[in-house]
Amino acid sequence: MPAIRFSIRFLLAGVLLASIGVLSAVGAGPTFFPDDPIWTDPISQDVKAATRYEPDLVFQTVANLFGQPGDPVLGQRARNINTVDEVPDGPFYVNRAGKLPLTPEIVARASNTSDGPAAGPWTVISAKSDGITPGFTIRDSSNGLWFIKFDPPGWPGMATGTEVVAAKLFWAVGYHVVEYHIEHLVPSNLRIGAEAKITPSGEAERRMQPSDVEWLLSKAMRDANGSYRVIASRAAPGRPVGRIRFDGTRADDPNDIVPHEHHRELRGYSVFAAWLNHVDAKGINSLTSLVTENGRTFIRQYLLDFGSALGSGGIGPTELWEGSEPLVEDGKDITRRAVAFGVLIPEWRTTKFYVAPSVGRLPADPAHWNPASWRPHITNAAFRHARADDTFWAANKMTFITDAMIDAAIKEGQFNDPPSEQMLAKMIRARRDRILQTYLTDINPIVEPALAGDGRLTFRNAAVDARVAAAPSGYEASWSVFDNATGQSRPIGTSTAATTSIQAPSLPAADFIKVDLRATGGANEAWSRPVSVFFRRADGWSLVGFDRMPGAPAAAQARQP
């Protein structure tokens with residue numbers, strides 16, 4: 000049955016509904032409301048006292064290595080989905096792929112609303128002095144706030160180009176991403192702001208000097224003409240209030256009522272991160288901002304800092320093990336290797352790689368990559384809670400990302416190295432296809448069901464349409480009248496079957512119809528388990544409910560990244 004919905008009516012009543020299932024099952028009201036399905040998360044209250052949440056990297060590492068932050072019960076259905084099993088537009092996510100008519104040109108532009116920092120001098124207001132590569136926070140000649148990062152020495156274009164490509168593709172699949180532009184910095188164009196401070200290693204904070212700028216630039220990749228290629232990311236609108244957390248809720252946000260580990264878009268983030276080998280997918284590489292729009296003040300969540308993705312490790316090429324093993328092995332991996340007495344050789348040790356200064360280190364043959372074995376540096380509660388319907392959701396979004404869109408994103412990276420750009424495109428396409436092969440076939444892949452006025456049921460098979468599986472011999476539909484008040488179903492006639500669209504039996508004058516739809520005669524047993532589809536009569540039939548895994552044993556569907 001459809002997952003529980005949350006809307007303004009519950010918030011106004013002061014009821015925080017954090018369980019799943021059908022409302023009627025607990026006597027709480029009808030299953031579907033007149034405004035279902037909801038496609039935009041309601042913002043019912045202003046955020047008035049947001050405090051800054053900054054995750055501690057060491058604590059996060061230890062907590063996720065030796066414990067399980069968040070809800071300990073794995074396998075639960077995502078709680079922030081609407082009644083048709085989709086994620087509404089909200090603070091973390093906007094439906095783009097599959098919802099908007101994306102084109103390569105739109106993906107190339109992505110979140111950019113300007114052409115980059117305004118012409119004229121850049122005024123440094125702060126600097127990043129720790130680590131290997133430098134960074135500046137600057138104001139351009141129009142007082143726009145930008146963050147400037149560089150390529151590491153010896154790897155021209157790698158970190159900056161990678162960041163652009165990843166940002167475009169994360170935007171395309173639906174996440175909030177800030178503007179990114181490739182720029183060229185001439186040192187003489189920099190000005191040190193009157194209030195600019197720096198804290199050199201082992202020293203107290205002091206006013207920044209020209210020698211500090213020179214020292215920081217000495218750690219970056221310098222072009223032959225003396226300029227520096229940089230990535231300029233625009234400050235997000237609003238006031239920064241910390242980072243994304245992957246478990247629990249924000250106590251300072253009255254609209255944040257669903258624990259983050261039960262957000263489908265955060266669970267699905269694991270699939271998109273695997274696609275682009277974004278091994279640094281953790282809270283510190285995100286931003287939460289307090290925004291005021293249309294008379295409401297609310298928190299919006301951004302993904303950012305994609306320099307450690309694809310073949311780039313940020314300060315150098317991706318390490319051989321990155322994406323295959325976590326930053327710190329857990330007890331299971333240590334035990335497994337101990338039992339093997341050192342005989343077990345990690346797959347990454349035998350993998351062949353393509354290495355180039357422009358793109359870093361890429362697998363030479365990505366066609367055999369297994370997305371289910373991908374590992375980020377540090378996992379999190381949302382990734383641990385991902386179920387088969389969550390990974391299917393993410394994979395289905397990726398079916399709308401075409402080769403041409405991938406090429407457009409890569410072109411924006413301005414790597415200036417055609418052979419390496421081709422290798423990068425090969426990797427991204429192959430990993431997309433392997434994700435489709437793995438997760439679209441995992442469960443019943445029926446999508447986009449529709450019921451015509453004459454009783455003709457149509458739908459698509461996402462796995463077949465993506466050409467990652469053969470079509471089954473047919474489909475079977477079981478029809479019922481659905482009582483929206485009680486949640487009970489009453490069968491109508493016998494099951495109907497066909498190879499494509501299916502004709503319903505004579506439908507009574509009911510307000511709601513339920514259809515259990517499954518594949519027959521296919522090679523994949525999981526496809527024989529039906530999805531439950533609900534239609535409401537209103538000037539014809541409209542889709543109001545969808546459950547991809549009705550009655551599935553919760554624990555059996557949990558995935559351990």
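Once you know that position 170 of the sequence shown is 169 in numbering that gives the first Met the number 0, the rest is easy, because the numbers rise by one and skip nothing.
Just so you know, even glycine gets a beta-carbon here, dropped at the ideal spot from N, CA and C.
May I ask you to list the residues that DSSP assigns as paired with residue i?
i: Gly134; result: Lys127 and Lys148
i: Pro316; result: Ser311
i: Gly241; result: Tyr52
i: Lys196; result: Ser125 and Arg206
i: Gly322; result: Arg374
i: Pro561; result: Missing from the structure shown is residue 561; the chain here goes from 0 to 560 and no further.
i: Ala518; result: Tyr474
i: Ile181; result: Ile230
i: Leu189; result: Trp121
i: Thr296; result: Thr291
i: Val176; result: Leu302
Taking the alpha carbon of residue i as the reference point, which residue from the options has its own alpha carbon closest?
i: Thr317; options: Ser232, Ser307, Lys47 and His367; result: Ser307
i: Ala117; options: Arg299, Arg348 and Leu144; result: Leu144
i: Arg433; options: Ala403, Asp406, Asn395 and Thr457; result: Asn395
i: Asn254; options: Pro365, Thr39 and Thr350; result: Thr39
i: Gly237; options: Ser187, Leu289, Thr350 and Glu324; result: Leu289
i: Asp389; options: Ala363, Ser269 and Pro504; result: Ser269
i: Ile491; options: Asn460, Gly454, Arg430 and Glu324; result: Gly454
i: Pro322; options: Pro356, Pro365, Asn293 and Arg299; result: Correcting the residue identity first, residue 322 is Gly in this sequence and not Pro. Measuring from the Cα of Gly322, the nearest candidate turns out to be Pro365.
i: Ile124; options: Tyr92, Gln208 and Lys167; result: Gln208
i: Arg233; options: Asp84, Ile181 and Val257; result: Ile181
i: Pro41; options: Ala48, Leu56, Val86 and Glu324; result: Val86
i: Gln59; options: Val480, Asn379 and Gly539; result: Asn379
i: Glu204; options: Lys196, Asp211 and Lys127; result: Lys196
i: Glu104; options: Asp515, Pro370, Ala470 and Ile405; result: Ile405
i: Thr122; options: Pro133, Asp139 and Thr132; result: Asp139
i: Ala403; options: Leu73, Gly89, Thr102 and Thr82; result: Thr102
i: Arg221; options: Val257, Arg430, Pro151 and Leu439; result: Pro151
i: Thr440; options: Phe169, Ser541, Ala522 and Gly134; result: Ala522
i: Pro471; options: Thr437, Arg428 and Ala518; result: Ala518
i: Asp45; options: Thr493, Thr159, Asp251 and Gly520; result: Asp251
i: Pro133; options: Arg228, Gly69, Asn63 and Ser43; result: Arg228
i: Thr296; options: Leu189, Val61 and Ser43; result: Ser43
i: Gly539; options: Trp320, Ser488, Gly452 and Gly520; result: Gly452
i: Ser531; options: Gly544, Ala469, Pro375 and Ala537; result: Gly544
i: Phe305; options: Pro345, Trp347, Ile230 and Trp320; result: Ile230
i: Pro286; options: Ala235, Pro325 and His262; result: Inspection of the sequence shows that residue 286 is occupied by Leu rather than by Pro. For the residues Ala235, Pro325 and His262, the minimum Cα distance to Leu286 belongs to Ala235.
I'd like the span of the alpha helix (DSSP H) that includes residue i, first residue to last.
i: Pro209; result: Pro209 to Leu216
i: Thr161; result: Met157 to Val172
i: Ser419; result: Pro417 to Tyr438
i: Trp347; result: That residue, Trp347, is in no alpha helix (DSSP H); it is neither H nor E in DSSP.
i: Arg249; result: Run containing Arg249: none; DSSP gives neither H nor E here.
i: Ala408; result: Asp402 to Glu411
i: Phe31; result: Careful: Phe31 lies outside any alpha helix (DSSP H) and carries neither H nor E.
i: Phe382; result: Ala380 to Arg383
Along the chain, where does the beta strand (DSSP E) containing residue i start, and where does it finish?
i: Ala219; result: It is not in any beta strand (DSSP E) - Ala219 carries neither H nor E in the DSSP assignment.
i: Gly267; result: Looking at the DSSP string, Gly267 is not in any beta strand (DSSP E); the run it does join, the alpha helix (DSSP H), is Arg263 to Trp274.
i: Ile230; result: Tyr227 to Arg233
i: Trp392; result: Trp392 -> not in any beta strand (DSSP E); alpha helix (DSSP H) instead, spanning Ala387 to Met397.
i: Asp546; result: Trp540 to Asp546
i: Glu562; result: Because the chain in this structure spans residues 0 to 560, residue 562 falls outside the shown range and cannot be described.
i: Phe533; result: Val530 to Arg536
Are the stretch 44-59 and the stretch 271-287 touching, with three or more C-beta to C-beta distances below 8 Å?
yes
Would you call the stretch 403-415 and the stretch 163-178 in contact, with 3 or more CB pairs under 8 Å?
yes
Should the stretch 245-252 be called in touch with the stretch 133-148, which here means at least 3 C-beta pairs below 8 Å?
no
Sequence ranges, alpha helix (DSSP H) only - wholly within the stretch 36-107, length at least 4
56-65
Could you say if the stretch 172-191 and the stretch 106-117 meet the contact criterion of at least three C-beta pairs nearer than 8 Å?
yes
Quick check on the DSSP output: what are the complete beta strand (DSSP E) runs of length 3 or more inside the stretch 446-516, in order along the chain?
455-460, 473-481, 488-490 and 495-497
Determine contact between the stretch 496-514 and the stretch 419-430, defined as no fewer than three beta-carbon pairs at a distance below 8 Å.
no
Contact the stretch 495-502 vs the stretch 468-475: 3+ CB pairs below 8 Å:
yes
Inter-stretch contact at 8 Å, needing at least 3 Cβ pairs: the stretch 27-34 / the stretch 480-491:
yes
For the pair the stretch 437-450 and the stretch 462-472, tell me if three or more CB-CB distances fall below 8 Å.
yes
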